[in-house]
Amino acid sequence: MRDLISKSEIAVRKLNPKRIYVENIRAILNTNQRIAQFVCDIAVRLGYFEKHYSVECKNDSCGKLIKTADSLEGLGRKLHCDICEDNHEELYEWSIEQLNVFIYYSYVKGSYEIA
Amino acid sequence: MNSQEQMYKRLLDSLPVNKLKEWSNQTGTKNEVIEHIYDHETIQSINNYISMNFGHLHQSGFLFTTQTAVNIGNTVFPTFSNIYNGNSGNFQERIYLKTIQLPYYDSESDSRETLNFFVPIRILNNGRVVRIFIHTIGRNVKSYFDHEVFPTGRVSIEDDILEEVRIAIGQELIPKDINSGVKHLWRNDYIDGYLVKNKRALSLKTEVMDENNTFKDSYPDEFEDLMLTPLRRTKFRYNGPDEIVAKFDINASVGHIVINRHSEGDNDMDTLINLILANNA
Chain Z
1 MRDLISKSEI AVRKLNPKRI YVENIRAILN TNQRIAQFVC DIAVRLGYFE KHYSVECKND
61 SCGKLIKTAD SLEGLGRKLH CDICEDNHEE LYEWSIEQLN VFIYYSYVKG SYEIA
Chain R
1001 MNSQEQMYKR LLDSLPVNKL KEWSNQTGTK NEVIEHIYDH ETIQSINNYI SMNFGHLHQS
1061 GFLFTTQTAV NIGNTVFPTF SNIYNGNSGN FQERIYLKTI QLPYYDSESD SRETLNFFVP
1121 IRILNNGRVV RIFIHTIGRN VKSYFDHEVF PTGRVSIEDD ILEEVRIAIG QELIPKDINS
1181 GVKHLWRNDY IDGYLVKNKR ALSLKTEVMD ENNTFKDSYP DEFEDLMLTP LRRTKFRYNG
1241 PDEIVAKFDI NASVGHIVIN RHSEGDNDMD TLINLILANN A
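Those protein sequence lines, which keep their order, are chains Z and R. Residue numbers for the first sequence follow our numbering, beginning at 1 and rising by one. Residue numbers for the second sequence follow our numbering, beginning at 1001 and rising by one.
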């Protein structure tokens, strides 16, 4: 048990408090997605986490996170990837409906070191 | 270029030659076998054969859930032509053909044209679970001509099809996160990645392995860090006991699986999905 806690502590220290995904929490707690999502929701409710939205470039050769916002609406309707535009890719602009929205959280209370 | 006959021949061309020879009892080149099949079979029997052998097509599979239950049997898709209705396990199974047009510039006729294809689409549905499989056209438009043509513009075939499904069912398709299932298979050496993408906090990390090296085998310590992060589209080699296709792509964070080669098994895509979901927490 102590070994497990120690491993979890090491893993938590590797998180960047600016951007934490549900999958980070699921993997660290070695639990299922539903519980990991519940933990994040509770952390938001208690004021430890803030919820954010992001979209990533759709080109397989890229995948850059192109915009973040505190709400879905904040992402805007049209998104564009500057790397793919620079590289003269055929597609570098998308409507929000064409992109997958990834939710992440930031840590807002207390302090811990970034590894 | 776009008669029904030509489009059906292109459709048959998407199946592996050994399956076509087995069906037709013909030898010869793939084109000769396709000619023979088209001349001797009805459109209905070709549609049936495509439906029965969908698992042998190159395909892109998307795993979704919805907010409320869907009944695909009652859903009308305006541009899909239904060629098969049945069941697969607990799922309703539907197979459709959709005509897509790939634009090109023809240097001989000095005109802009389209090359049309039938794209087979398979949909599985049980309540809130919706799985969509779309045949991926592997051949370049240029390969269908003896003279020079230039593809013009890119068509988002998969986006267009997924959008039509979303509109027809009247609700959002929520991508299924299969990170834990994929990681379980990876940790237990069923699979290993040779082009690995994972999301770090402030960047996307891509590791392209040299020659035939694979990630876990080469970097066991970094693999442990990787296991803590969301996976993005990664190319895997299969090392497990089941006889399924040797290589495939998985974007575990959005439930997207791509098999870009002909499967030997009747439905390697379903086998792979079942393996992942059986271990997906």
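Virtual Cβ for every residue (Gly too), placed ideally from N, Cα, C.
### Query
What residues from chain Z crowd round residue 1233(R), counting only those whose CB sits closer than 9 Å?
60, 63
#### Entry: Residue of 1122(R), 1085(R), 1084(R), 1101(R) minimising C-alpha distance to residue 1003(R)
1101(R)
### Query
Does the beta carbon of residue 1246(R) come closer than 8 Å to any beta carbon on chain Z?
no
### Query
From this set, 1037(R), 1086(R), 1022(R), which residue's C-alpha is nearest residue 1051(R)'s C-alpha?
1086(R)
### Query
Hey, would you say residue 1058(R) sits closer than 8 Å to residue 1260(R), going by beta carbons?
yes
### Message
Assuming the contact rule is C-beta atoms closer than 8 Å, residue 1281(R) and residue 33(Z) should be a hit. Round their C-beta distance to whole Å, please.
### Response
7 Å
### Task
Write down every uninterrupted run of the alpha helix (DSSP H) in the region 1114–1178 of chain R whose length is 4 residues or greater and which is fully enclosed by it, in chain order.
1157–1169
#### Entry: Under 8 Å (Cβ pairs) to chain R, residues found in the region 24–38 of chain Z
24, 26, 27, 28, 31, 32, 33
### Task
Assign residue 1233(R) to one of three DSSP states: helix, strand, or coil.
coil
### Message
Looking at residue 100(Z): is its Cβ nearer than 8 Å to the Cβ of residue 1119(R)?
### Response
By the CB criterion at 8 Å, residue 100(Z) and residue 1119(R) fall outside the cutoff.
#### Entry: residue 1020(R) and residue 1030(R) closer than 8 Å at C-beta
yes
### Task
Establish whether the CB of residue 90(Z) and some CB of chain R are separated by less than 8 Å.
yes
### Nonlocal neighbours in the same chain, by C-beta distance under 8 Å from residue 1270(R), ignoring five residues either side
1055, 1088
### beta strand (DSSP E) segment containing residue 1084(R), residue limits
1080–1088
### Message
I need the DSSP call for residue 1103(R), collapsed to helix, strand or coil.
### Response
strand
### Query
For the beta strand (DSSP E) that contains residue 55(Z), what are its first and last residues?
For residue 55(Z), the enclosing beta strand (DSSP E) begins and ends at 49–56.
### Query
Leaving out five residues before and five after residue 1208(R) in sequence, what residues of the same chain have Cβ atoms less than 6 Å from its Cβ?
1195
### Query
What number of angstroms, rounded off, separates the C-alpha of residue 1132(R) from the C-alpha of residue 1117(R)?
19 Å
### Burial state of residue 1192(R), where buried means 16 or more other Cβ atoms lie within 10 Å
Around the beta-carbon of residue 1192(R), 16 or more other beta-carbon atoms lie within 10 Å, marking it buried.
### Query
Can you name, in chain order, every residue of its own chain whose Cβ lies under 8 Å from the Cβ of residue 1127(R), other than the five neighbours on each side?
1069, 1070
### Query
Looking at C-beta atoms only, is the number of pairs between the region 19–27 of chain Z and the region 1215–1233 of chain R that lie closer than 8 Å three or more?
yes
### Query
What is the DSSP secondary structure of residue 71(Z), reduced to helix, strand or coil?
coil
### Query
Along the chain, where does the alpha helix (DSSP H) that runs through residue 1215(R) open and close?
1215–1218
### Message
What ranges does the alpha helix (DSSP H) occupy inside the region 1021–1061 of chain R, keeping only unbroken runs of at least 4 residues that lie completely in it?
### Response
Qualifying alpha helix (DSSP H) stretches, in chain order: 1030–1040, 1043–1052.
### Positions along the region 1164–1180 of chain R whose CB lies within less than 7 Å of some CB in chain Z
1175, 1177, 1179, 1180
### Message
Using 8 Å as the threshold, is the C-beta distance between residue 106(Z) and residue 20(Z) below it?
### Response
For residue 106(Z) and residue 20(Z), yes; Cβs fall inside 8 Å.
### Query
Where do the ends of the alpha helix (DSSP H) carrying residue 1270(R) lie?
In the DSSP assignment, residue 1270(R) falls within the unbroken alpha helix (DSSP H) covering 1268–1278.
### Message
Under 8 Å, Cβ to Cβ, is there at least one residue of chain Z near residue 1217(R)?
### Response
no
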